[in-house]
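Number of protein chains: 2
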Amino acid sequence: MNRTRLDDHLADLDADGYLLDASQEDANQLYLSGFTGPDPFLTLYADGEVHLLVSGLEYGRAQTEATADTVERHADYDYEYGGREERTDMYAAFLRDKGVESVSMPPRGPVGTADALRERGIDVAVDADDRLQAVRAVKTDEEIDAIRDAQKANEAAMRAAEELIAGADVAGEDVPADGDVERGVLLHEGEPLTSERVTEEIEVTLLRHGCALDETIVAGGAQAADPHDRGSGPLRANEAIIVDIFPRSKATKYNADMTRTFCVGEPSETLREWYDLTERALEAALDAVEPGATGEEVHAAACEVYEEAGEPTFRTDPETETGFIHSTGHGIGLDVHESPRLASGGEELEPGHVITVEPGLYDPAVGGVRIEDLVVVTEGGYENLTDYPIRFAAE
Amino acid sequence: MNRTRLDDHLADLDADGYLLDASQEDANQLYLSGFTGPDPFLTLYADGEVHLLVSGLEYGRAQTEATADTVERHADYDYEYGGREERTDMYAAFLRDKGVESVSMPPRGPVGTADALRERGIDVAVDADDRLQAVRAVKTDEEIDAIRDAQKANEAAMRAAEELIAGADVAGEDVPADGDVERGVLLHEGEPLTSERVTEEIEVTLLRHGCALDETIVAGGAQAADPHDRGSGPLRANEAIIVDIFPRSKATKYNADMTRTFCVGEPSETLREWYDLTERALEAALDAVEPGATGEEVHAAACEVYEEAGEPTFRTDPETETGFIHSTGHGIGLDVHESPRLASGGEELEPGHVITVEPGLYDPAVGGVRIEDLVVVTEGGYENLTDYPIRFAAE
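First to last, the sequence lines map onto chains A and B.
If you count the first sequence from 1, position 75 lands on 75 in full-length UniProt numbering, and the numbers rise without skipping.
If you count the second sequence from 1, position 316 lands on 316 in full-length UniProt numbering, and the numbers rise without skipping.
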């Protein structure tokens with residue numbers, strides 16, 4: 001955690017403290033507390049110090065693990081298990097013990113806690129800017145190394161996926177198609193190679209490299225045309241197969257993110273053009289990445305490549321359902337999606353921002369193509385954290 | 001989803017509708033919407049109907065997947081990407097379109113949305129009872145089958161873990177200890193067998209059986225005495241090793257949960273007594289499970305076994321840090337921990353409740369023992385969903 005940056009961003013609060021009530025699932029909480037509590041607990045930033053309040057069951061582990069200045073437990077406020085009212089009484093007592101009569105909470109903080117504190121005379125305001133996001137967006141060297149490590153696992157998993165796809169037989173070509181297996185379906189050890197099978201290979205590889213995972217996308221053909229479709233069923237020759245992997249290090253909890261698009265056999269002329277265009281859009285966007293450039297400008301660089309080729313984007317048609325139908329990228333860290341955004345309205349880039357750059361084209365009649373690299377903004381431009389070839393033909 | 005039960009529990013709302021603003025990470029949202037949206041979206045229950053409001057990117061998938069009565073997208077309310085104010089304007093327009101001027105939100109709903117709706121004249125109250133939890137607690141047959149399937153994967157993973165532990169050599173006994181490896185350390189293929197290695201085996205097995213996972217506990221010796229310690233480093237002979245696995249089906253999103261405690265070599269007399277006591281506490285608690293019994297009564301049945309043997313519990317000493325220092329169990333479903341609780345104040349059991357029963361004893365000087373089964377409450381008592389032997393000596 002960048003403590004100076006934290007102090008800077010929380011200095012001008014219009015309240016006595018900044019309050020989080022969340023479990024480790026919440027990235028703000030994990031960042032500010034440094035504690036992997038599985039159940040919601042309180043973290044208070046006040047007067048330049050970070051204070052934790054946890055249950056007795058978590059107390060020992062929180063003392064060892066948390067980066068906070070103080071760690072207290074419920075029993076310190078004479079709380080035994082009781083209902084919600086007693087619990088909020090304890091929270092209010094904890095705040096007042098720290099000299100806090102007013103707090104700011106992030107927009108996704110729990111309304112139950114906010115309203116109950118208000119009933120107890122504590123002033124609660126919503127921090128509409130969610131300012132911890134801006135603090136988290138700029139990574140320390142240690143955080144960048146954590147992301148770099150997760151990306152190494154990601155590359156191993158992508159390699160495993162590509163090998164499985166490249167090594168597949170094609171029904172009706174390498175081996176005869178039969179009544180059960182359509183011509184063109186990819187086969188692995190005689191069975192149809194499915195999205196699920198490739199996903200399993202990816203996820204097992206990630207586990208072997210110390211990463212957990214939420215979801216993985218292995219989507220071919222028309223499925224690849226929906227950027228959020230995770231993919232299912234048999235993969236086929238001559239279609240574009242999008243593989244998008246975003247693993248999380250189990251040790252550090254930091255994420256990486258990379259996408260490649262593969263094809264076995266002969267892609268259509270349109271898919272070939274799309275692949276070339278997308279590679280050029282990636283290069284154009286990367287060229288635009290430097291401190292002081294905005295996320296909007298990087299997004300524009302990718303859009304221009306597509307627009308000049310006549311492909312629709314959200315800039316030329318906000319209603320379009322085909323073409324380049326998402327933003328160019330996003331910050332990544334403890335959350336897979338965090339600040340800054342590479343999109344219309346995207347903020348200015350700073351050294352230490354870790355971002356994805358991931359242009360793509362989509363149309364259910366054609367398929368989908370996306371190529372995504374992971375980079376860190378540096379004083380001089382950017383460093384690409386991705387070490388994986390860009391090639392359409394799986395090998 | 002049990003629609004009748006939902007209607008019953010939401011009928012007496014003191015508001016026009018019940019509002020969720022969350023992603024699929026929130027179990028209430030996943031339950032009410034039936035949609036696995038990765039970003040927060042709105043679900044409104046009003047006049048006996050469930051309405052979804054999602055982004056354009058999610059619209060196609062939401063229409064196919066969601067169990068809601070209606071699915072709308074942001075563009076239906078003329079919203080293009082804008083700031084937080086425009087977004088809440090859209091939310092208010094969506095609510096008013098459904099004839100809703102007042103909503104109830106669960107306690108962990110986002111305060112940012114609640115306050116912004118209030119600013120727009122929508123009355124927002126907190127549903128302190130979090131009533132969807134009570135709806136979710138009683139499972140349909142389909143939900144029970146989903147949990148049963150996750151438990152099958154769990155049993156395969158436990159088997160893999162037990163085999164790895166049982167098959168280990170003991171340094172200084174089966175093979176010579178040397179300068180690098182302490183006497184008593186378990187060895188697998190010549191390397192120290194660590195908690196991390198066993199966890200990896202468990203997690204890979206779960207993936208092969210279609211389950212994802214959050215955390216797994218493999219904790220030996222003094223680590224096992226902290227019920228929330230996930231365990232790390234080499235495992236040893238003659239110590240109790242707690243293996244607690246709680247996988248989630250990737251297809252259904254329902255969880256299972258099971259704990260076994262294993263030993264290689266000769267456990268101390270105290271550990272042997274603890275194991276026998278814990279097995280008896282489990283039996284006593286299971287005997288108490290039936291419709292109409294309270295979670296408090298089931299917890300009491302386990303506590304009594306321990307208390308009669310002179311072991312401390314939270315009933316005899318609320319401050320104790322050794323003995324039986326957690327509740328006897330919890331409901332399980334889309335969340336690993338949900339209603340009902342088997343603890344002081346625990347509510348009445350109903351047919352369809354799926355619960356864990358998991359007594360244990362802990363002391364850093366001795367180690368930890370926990371045994372956990374997963375059961376469903378039935379008209380006649382309970383059905384045990386767990387099919388795994390209870391034995392201390394790993395085999």
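By construction, the Cβ of each residue, glycine as well, lies at the ideal position given by its N, Cα and C atoms.
These numbers come from a predicted model, not from an experiment.
Straight-line Cα distance separating residue j from residue i
i, j, result
"GLY231 (chain A)", "GLU65 (chain B)", "14 Å"
"CYS211 (chain B)", "ARG159 (chain A)", "23 Å"
"PRO312 (chain A)", "GLN223 (chain A)", "19 Å"
"TYR254 (chain B)", "LEU42 (chain A)", "28 Å"
"ALA285 (chain B)", "ASP276 (chain B)", "14 Å"
"PHE314 (chain B)", "ASP69 (chain A)", "29 Å"
"LYS98 (chain A)", "ASP21 (chain B)", "32 Å"
"ARG148 (chain B)", "ALA256 (chain B)", "7 Å"
"ALA93 (chain B)", "LEU385 (chain B)", "46 Å"
"residue 400 (chain A)", "LEU53 (chain B)", "Because chain A is modelled from 1 through 395, residue 400 (chain A) falls outside the range shown and cannot be assessed."
"ILE144 (chain B)", "GLU304 (chain B)", "30 Å"
"VAL377 (chain A)", "ASN154 (chain A)", "20 Å"
"VAL264 (chain B)", "ALA177 (chain B)", "17 Å"
Status (buried if at least 16 other CB within 10 Å, exposed otherwise) for residue i
i, result
"ARG3 (chain A)", "exposed"
"PRO267 (chain A)", "buried"
"GLY365 (chain A)", "According to the sequence shown, residue 365 (chain A) is Ala rather than Gly. Flag for ALA365 (chain A) reads exposed."
"ASP180 (chain B)", "exposed"
"PRO389 (chain A)", "exposed"
"VAL175 (chain B)", "exposed"
"ALA251 (chain A)", "exposed"
"GLY368 (chain B)", "buried"
"ALA300 (chain B)", "buried"
"GLY112 (chain A)", "buried"
Check whether residue i and residue j have beta carbons under 9 Å apart
i, j, result
"VAL185 (chain B)", "ALA171 (chain B)", "yes"
"PRO38 (chain A)", "GLU215 (chain B)", "yes"
"VAL103 (chain B)", "ASP16 (chain B)", "yes"
"ALA157 (chain B)", "LEU206 (chain B)", "yes"
"PRO359 (chain B)", "LEU349 (chain B)", "no"
"SER344 (chain B)", "GLU308 (chain B)", "no"
"VAL124 (chain A)", "LEU44 (chain A)", "no"
"GLY34 (chain A)", "THR88 (chain A)", "no"
"GLY246 (chain B)", "ALA393 (chain B)", "Checking the sequence, you will find Phe at residue 246 (chain B) rather than Gly. It is not a contact, given that the beta carbons lie outside the stated cut-off."
"ARG84 (chain B)", "SER55 (chain B)", "no"
"SER195 (chain B)", "ALA219 (chain B)", "yes"
"ILE242 (chain A)", "LEU57 (chain B)", "no"
"MET1 (chain B)", "THR199 (chain B)", "no"
"LEU95 (chain A)", "LEU164 (chain A)", "no"
"ILE371 (chain B)", "GLU269 (chain B)", "no"
"GLU338 (chain A)", "GLY331 (chain A)", "yes"
"GLU379 (chain B)", "ARG260 (chain B)", "no"
"ALA237 (chain B)", "VAL126 (chain A)", "no"
"TYR362 (chain B)", "ASP244 (chain B)", "no"
"GLN213 (chain A)", "GLU201 (chain A)", "First, the residue type needs correcting, since residue 213 (chain A) is Leu and not Gln in the sequence shown. No, the Cβ-Cβ distance between LEU213 (chain A) and GLU201 (chain A) is not below 9 Å."
Cross-chain neighbours of residue i in chain B, by beta carbon under 8 Å
i, result
"HIS228 (chain A)", "PRO38, LEU57, GLU58 and ARG61"
"MET158 (chain A)", "Going along chain B, no residue has its Cβ under 8 Å from MET158 (chain A), so there is no contact; the nearest lies around 17 Å."
"ALA281 (chain A)", "By Cβ distance, chain B contributes nothing, its closest Cβ being about 19 Å from ALA281 (chain A), past 8 Å."
"HIS353 (chain A)", "Simply none; closest approach about 20 Å."
Contacts of residue i in chain A (Cβ-Cβ under 8 Å)
i, result
"VAL204 (chain B)", "VAL204, LEU207 and ARG208"
"ALA75 (chain B)", "GLU319"
"GLU200 (chain B)", "LEU207 and ARG208"
Interface partners of residue i on chain B, CB under 7 Å
i, result
"ARG108 (chain A)", "PRO110 and GLY112"
"ASP115 (chain A)", "VAL126"
Partner residues on chain B for residue i, Cβ-Cβ distance less than 9 Å
i, result
"HIS326 (chain A)", "LEU57"
Chain-ordered neighbours of residue i on chain A, where CB pairs are closer than 7 Å
i, result
"GLU80 (chain B)", "PRO318"
Any non-hydrogen atom of the ligand MN within 8 Å of residue i CB
i, result
"THR43 (chain A)", "As far as ligands go, the structure on display features none, and thus does not contain the ligand MN."
- Task: Can you give me, in chain order, the residues of the segment 82-106 of chain A that have a beta carbon less than 7 Å from any beta carbon in chain B?
- Result: Flagged, chain order: ARG84 and MET105.
Contact residues within the segment 6-30 of chain B, judged by C-beta distance below 8 Å to chain A:
Shown in chain order are the members of the segment 6-30 of chain B whose Cβ falls below 8 Å from a Cβ of chain A: GLU25.
Along the segment 359-388 of chain A, what residues have a CB closer than 9 Å to any CB found in chain B? Taking 9 Å as the Cβ-Cβ cut-off, the segment 359-388 of chain A has no residue approaching chain B.
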